[in-house]
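I have placed the structure first, in the form of structure tokens, so that the comments after it can refer back to it.
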Amino acid sequence: MSSIIRGNAILVIYVVIALLMYLGIYARSEAPLLIGVGLFLVFTSYFLTWDLVTSTVLGTLRLSHEITHAGRSIVLSITAVSPLRLKLPAHVSLVCSPHLLCGDDYQIVINGPQEQFDIRVRWLGVAEVVGIVIRVSDPLGVIRNSRFIKIEREIPIEPTRLAPPEVMGQRLPGDYVDNATYMESKMGDFMYLRNYSFMEPASNIHWITSARVNELISVARSEAGNALRLVIMEYTPRMLKPMGDMRPIDEALMYLSRLRGMNFSLILIGNGLVRSLNITSSVSLVNLELRLRELVMGFEDRWELINRALKILGKYAKELNTDEIMLLLYPVNTDHGLSRGDIEALAKYLRSNSLLLITKDSLNELIKANIDLRDVNVVILGD
Numbered sequence: 060m061s062s063i064i065r066g067n068a069i070l071v072i073y074v075v076i077a078l079l080m081y082l083g084i085y086a087r088s089e090a091p092l093l094i095g096v097g098l099f100l101v102f103t104s105y106f107l108t109w110d111l112v113t114s115t116v117l118g119t120l121r122l123s124h125e126i127t128h129a130g131r132s133i134v135l136s137i138t139a140v141s142p143l144r145l146k147l148p149a150h151v152s153l154v155c156s157p158h159l160l161c162g163d164d165y166q167i168v169i170n171g172p173q174e175q176f177d178i179r180v181r182w183l184g185v186a187e188v189v190g191i192v193i194r195v196s197d198p199l200g201v202i203r204n205s206r207f208i209k210i211e212r213e214i215p216i217e218p219t220r221l222a223p224p225e226v227m228g229q230r231l232p233g234d235y236v237d238n239a240t241y242m243e244s245k246m247g248d249f250m251y252l253r254n255y256s257f258m259e260p261a262s263n264i265h266w267i268t269s270a271r272v273n274e275l276i277s278v279a280r281s282e283a284g285n286a287l288r289l290v291i292m293e294y295t296p297r298m299l300k301p302m303g304d305m306r307p308i309d310e311a312l313m314y315l316s317r318l319r320g321m322n323f324s325l326i327l328i329g330n331g332l333v334r335s336l337n338i339t340s341s342v343s344l345v346n347l348e349l350r351l352r353e354l355v356m357g358f359e360d361r362w363e364l365i366n367r368a369l370k371i372l373g374k375y376a377k378e379l380n381t382d383e384i385m386l387l388l389y390p391v392n393t394d395h396g397l398s399r400g401d402i403e404a405l406a407k408y409l410r411s412n413s414l415l416l417i418t419k420d421s422l423n424e425l426i427k428a429n430i431d432l433r434d435v436n437v438v439i440l441g442d
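Converting from the sequence shown to our numbering requires adding 59 to each position, the first position being numbered 1.
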């Protein structure tokens, strides 16, 4: 009976039965006493039977699931089967990382057809569907049993390069990023002349040579030169701080996605660390968000994480290990940004035609530190 959640309904039922039996004893009347005893046996048998049946069904439950992920659309398909071939309606709550807006009002039939749940994407990065909580109750809503079943499915939510004009309610990067490929072809060092391809920008045409040979000739340029080759990004807990339905890290990932085909170098600065990465068209950007999240949560006390998970999952939090809990939760202390050492390291990398992705508060700190930003292209995140 330990799994039975006794609510007000069951308490009222037994109080009424007890009063009826007490009335029979007090009035020395057999009728109320017998009725009370009969009701007590009926309801107790009913409660025990439902508790036994639902506990057996949930204990032997086997869950098959499939996740379909296309862009920003996620569909979770679930089938619940038990050897005890009873069809029981159940309520399902999805346990997800905060990157997904998972509801808690889904319905499924145990030993019934497959059900599909639509999940809405909130943030970019590596999301996780940790598991589901299945709850069943009797027709009176008095006996309630539940079980937590782990799914453990990671879902990478990548920013798309060919993004629509509006993504998550925010405008996409401006002209500087849109024209980055044009800058690359125009500003590279001269290598040789070649026949012009209509897929190239018209600025590549060498008009003097074209007039001489009466044919369009273009200039082939190297990838070196003054084109955008270095992106510096703030990599602090401040990047994870939600601002409405958006975070600075989401906006930064969209910028990087638009530049990804240029094979540039990315410098991550924050938390006293400097990381250098070469971003190519095949590099996954969502790991940047995941590693930052893990880094920030690594600063938090392990028992504090467990206590926070207990508030969300209750007793079922004990079925998760620390790594699973970190994917389920989200950093709370996300206020501090660049330290003095981070600012000094960042200043060493700033150069002409580099791109700096930084939050507004951290930019103000750079200005107060008299960092020269005159020749740097700055994108303010979350502004």
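In this text, a Cβ means the ideal position worked out from N, Cα and C, and glycines have one as well.
As assigned by DSSP and simplified to three states, the class of residue i
{"i": "residue 342", "result": "coil"}
{"i": "residue 146", "result": "coil"}
{"i": "residue 353", "result": "helix"}
{"i": "residue 391", "result": "coil"}
{"i": "residue 412", "result": "coil"}
{"i": "residue 428", "result": "coil"}
{"i": "residue 382", "result": "helix"}
{"i": "residue 421", "result": "helix"}
{"i": "residue 274", "result": "coil"}
{"i": "residue 263", "result": "helix"}
{"i": "residue 297", "result": "helix"}
{"i": "residue 199", "result": "coil"}
{"i": "residue 269", "result": "helix"}
Nonlocal neighbours in the same chain, by C-beta distance under 6 Å from residue i, ignoring five residues either side
{"i": "residue 131", "result": "180"}
{"i": "residue 339", "result": "322"}
{"i": "residue 409", "result": "435"}
{"i": "residue 421", "result": "293, 396 and 397"}
{"i": "residue 183", "result": "216, 218, 309 and 312"}
{"i": "residue 185", "result": "213, 215, 345 and 349"}
{"i": "residue 415", "result": "291, 435 and 437"}
{"i": "residue 8", "result": "Past the edges of the chain, shown from 60 to 442, lies residue 8, and the structure says nothing about it."}
{"i": "residue 98", "result": "76"}
{"i": "residue 119", "result": "141 and 142"}
{"i": "residue 187", "result": "156, 213 and 386"}
{"i": "residue 208", "result": "122, 190 and 191"}
{"i": "residue 127", "result": "134"}
{"i": "residue 254", "result": "none"}
{"i": "residue 405", "result": "328"}
Where the beta strand (DSSP E) through residue i begins and ends
{"i": "residue 203", "result": "203–216"}
{"i": "residue 293", "result": "289–293"}
{"i": "residue 165", "result": "165–169"}
{"i": "residue 176", "result": "174–180"}
{"i": "residue 123", "result": "121–129"}
{"i": "residue 437", "result": "436–440"}
{"i": "residue 136", "result": "132–140"}
{"i": "residue 196", "result": "184–196"}
Residue span of the alpha helix (DSSP H) that contains residue i, given as start and end
{"i": "residue 113", "result": "89–118"}
{"i": "residue 399", "result": "399–408"}
{"i": "residue 310", "result": "307–318"}
{"i": "residue 361", "result": "361–372"}
Residues sharing a beta bridge with residue i, DSSP
{"i": "residue 86", "result": "In the DSSP output, where bridge partners are listed per residue, residue 86 has none listed."}
{"i": "residue 331", "result": "BP columns for residue 331 are empty, so no partner."}
{"i": "residue 154", "result": "190"}
{"i": "residue 325", "result": "290 and 336"}
{"i": "residue 79", "result": "According to DSSP, residue 79 bridges with nothing at all."}
Own chain partners of residue i with C-beta closer than 7 Å, once the 5 adjacent residues on each side are dropped
{"i": "residue 299", "result": "306, 308, 351, 352, 355, 390 and 393"}
{"i": "residue 177", "result": "134"}
{"i": "residue 124", "result": "135, 136, 137 and 210"}
{"i": "residue 171", "result": "146"}
Sequence-distant residues of the same chain with beta carbon closer than 8 Å to residue i, five excluded per side
{"i": "residue 256", "result": "277"}
{"i": "residue 265", "result": "252, 276, 277 and 278"}
{"i": "residue 72", "result": "102 and 201"}
{"i": "residue 165", "result": "150, 151, 152, 153, 174 and 176"}
{"i": "residue 376", "result": "365, 368, 369 and 384"}
{"i": "residue 90", "result": "83"}
{"i": "residue 424", "result": "396, 397 and 402"}
Min CB distance residue i to chain C below 8 Å
{"i": "residue 210", "result": "Among the protein chains of the structure shown there is no chain C, as only one such chain exists."}
Segment contact flag, the segment 200–210 with the segment 100–116, C-beta cutoff 8 Å, min 3 pairs: yes
Three CB pairs or more closer than 8 Å across the segment 333–351 and the segment 414–431: no
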